[in-house]
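In our numbering, the protein residues as written are -2 to 244.
Where is the CB? At the ideal position from N, CA and C, for every residue including glycine.
These figures come from a predicted structure and were not determined experimentally.
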C-alpha cells in the first residue's frame, strides 16, 4: 500500500477496542482496580516515553468517549470490521490508513491490547527500543516459561515439547529457554505490516519482560486480575493510579 512514512516521527500507538464481546460483555469498559481496561491501556501508553500519539479504534460510542476523556484519539471503526470474526490486523490496517489520509505515518507503531491490564509505560518503551536496536521487522512482549511443556501424539500419548521426556528428568535450569507471548505489546514496522497485513512480519523479536503479565479472556481471569490489582498497581502508580482524564 502506497502511504507516506516519515522515519523521524515517534511511534504511534493503536489500541483496538470494539464494543462487543461474547465472553465478557462490555469487556473493554470493565474496571480492574476501579479503572476501566481501556483507560488502563491508554494510561500505560501515555506514561511511556517513546510513543507519540495514542489512538483507539472502536465501533462503540462509549469506548470512543472514554478514549477521548483519557487523552487518546478515536478512530471510528465500521461495523463490518468490528464483529467477532474480525481480526485485530484488520482494525490496525483500517486505523493506519485513516491516519495516512491526514498525515505521514511513523516508521513503526505499537499495538496494545486492553486484555492485558498491567501493561506499563516502561514495558512499552523496552519493546520499542528493542525493535529500534535490531534488524527485526517486529518485536513483542514475552515472559520466560519455566515449566515442562507437552503435547499429544497421534495416539493420544504425551510428547515433550521443550524437554526430552525419554531421558531422566532435567532440572529446569537445563532446559532451553522458552517464552510465552503475553499478548500485551506488539511493536511493528509500518511498511511491511501494510504490505503483509500480519502482526508477525518476519523476522520477529521476542522481548522478555520481568513483571507478571496476566491476560483477560474469561470472567475468572477478570476476577483474578481484580484481586491482583492492589499489589501490581502499587508498583506503578503513575500508570495505573485512579484518576480522571489526562487532559
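Subject >> Limits of the unbroken beta strand (DSSP E) element including residue 219 >> reply: The residue given as residue 219 occupies position 222 in the chain shown. First-last for residue 219: 216 to 230, but that is the alpha helix (DSSP H), not the beta strand (DSSP E).
Subject >> Under 7 Å between C-beta atoms of residue 88 and residue 77 >> reply: Locating residue 88 in the chain shown gives position 91, counting from the first residue. Locating residue 77 in the chain shown gives position 80, counting from the first residue. Their beta carbons are not under 7 Å apart, which means residue 88 does not touch residue 77 by this criterion.
**OP:** Could you tell me whether the Cβ of residue 24 comes closer than 7 Å to any Cβ of chain C?
**Re:** No chain C appears in this structure, which consists of one protein chain only.
Original post:
So what does DSSP say about residue 53, is it helix, strand or coil?
Top reply: Translated into the one-based positions of the chain shown, residue 53 becomes position 56. Strand at residue 53.
Subject >> For residue 44, the three-state DSSP class (helix, strand or coil) >> reply: Start at 1 with the first residue of the chain shown, and residue 44 comes out as number 47. If DSSP states are grouped into helix, strand and coil, residue 44 belongs with the helices.
**OP:** Using beta-carbon positions only, say whether residue 65 and residue 36 come within less than 7 Å of one another.
**Re:** Taking the chain shown and counting its residues from 1, the one referred to as residue 65 is at position 68. Taking the chain shown and counting its residues from 1, the one referred to as residue 36 is at position 39. No, they are not a contact pair.
Original post:
What does a CB cutoff of less than 7 Å around residue 101 pick up in its chain, not counting 5 residues either side in sequence?
Top reply: For the purposes of this step, residue 101 is taken as the residue at position 104 of the chain shown. Cβ within range, chain order: 1, 2, 3 and 6.
Subject >> DSSP bridge partner residues for residue 184 (one or two, in chain order) >> reply: In the chain shown, the residue the question calls residue 184 occupies position 187. Residue 184 is bridged to 107 and 136.
Original post:
Does the Cβ of residue 117 have 16 or more other Cβ atoms within 10 Å, making it buried, or fewer, making it exposed?
Top reply: Against the chain shown, residue 117 aligns to sequence position 120. Burial call: buried.
Subject >> Beta-carbon proximity of residue 201 to residue 138, cut-off 7 Å >> reply: For the purposes of this step, residue 201 is taken as the residue at position 204 of the chain shown. For the purposes of this step, residue 138 is taken as the residue at position 141 of the chain shown. For residue 201 and residue 138, no; Cβs fall outside 7 Å.
Subject >> Neighbour-count burial assignment, residue 120, 16 or more Cβ in a 10 Å radius >> reply: Here the question's residue 120 lines up with position 123 in the chain shown. Answer is buried; the Cβ neighbour count reaches 16.
Original post:
Is it right to say residue 149 is buried, meaning 16 or more other beta carbons lie within 10 angstroms of its own, or is it exposed?
Top reply: Here residue 149 refers to the residue found at position 152 of the chain shown. Flag for residue 149 reads exposed.
Original post:
Nearest to residue 71 by alpha carbon, out of 40, 14 and 223?
Top reply: If you number the chain shown from 1, residue 71 lands on position 74. When each option's Cα is compared against that of residue 71, the closest is 14.
Subject >> residue 20 classed as buried or exposed, judged by whether at least 16 other C-beta atoms fall within 10 angstroms >> reply: Here residue 20 corresponds to residue number 23 of the chain shown, with the count starting at 1. So residue 20 ends up on the exposed side.
Original post:
Nearest to residue 54 by alpha carbon, out of 96, 46 and 82?
Top reply: The residue you call residue 54 lines up with position 57 of the chain shown. Out of 96, 46 and 82, 96 has the C-alpha closest to the C-alpha of residue 54.
Original post:
Would residue 215 pass as a contact of residue 179 if the rule is Cβ separation under 7 Å?
Top reply: Against the chain shown, residue 215 aligns to sequence position 218. Against the chain shown, residue 179 aligns to sequence position 182. No, they are not a contact pair.
Subject >> For residue 16 and residue 81, the rounded distance between their alpha carbons >> reply: Within the chain shown, residue 81 is the residue found at index 84, counting from 1. Within the chain shown, residue 16 is the residue found at index 19, counting from 1. Spanning the two alpha carbons is a distance of roughly 10 Å.
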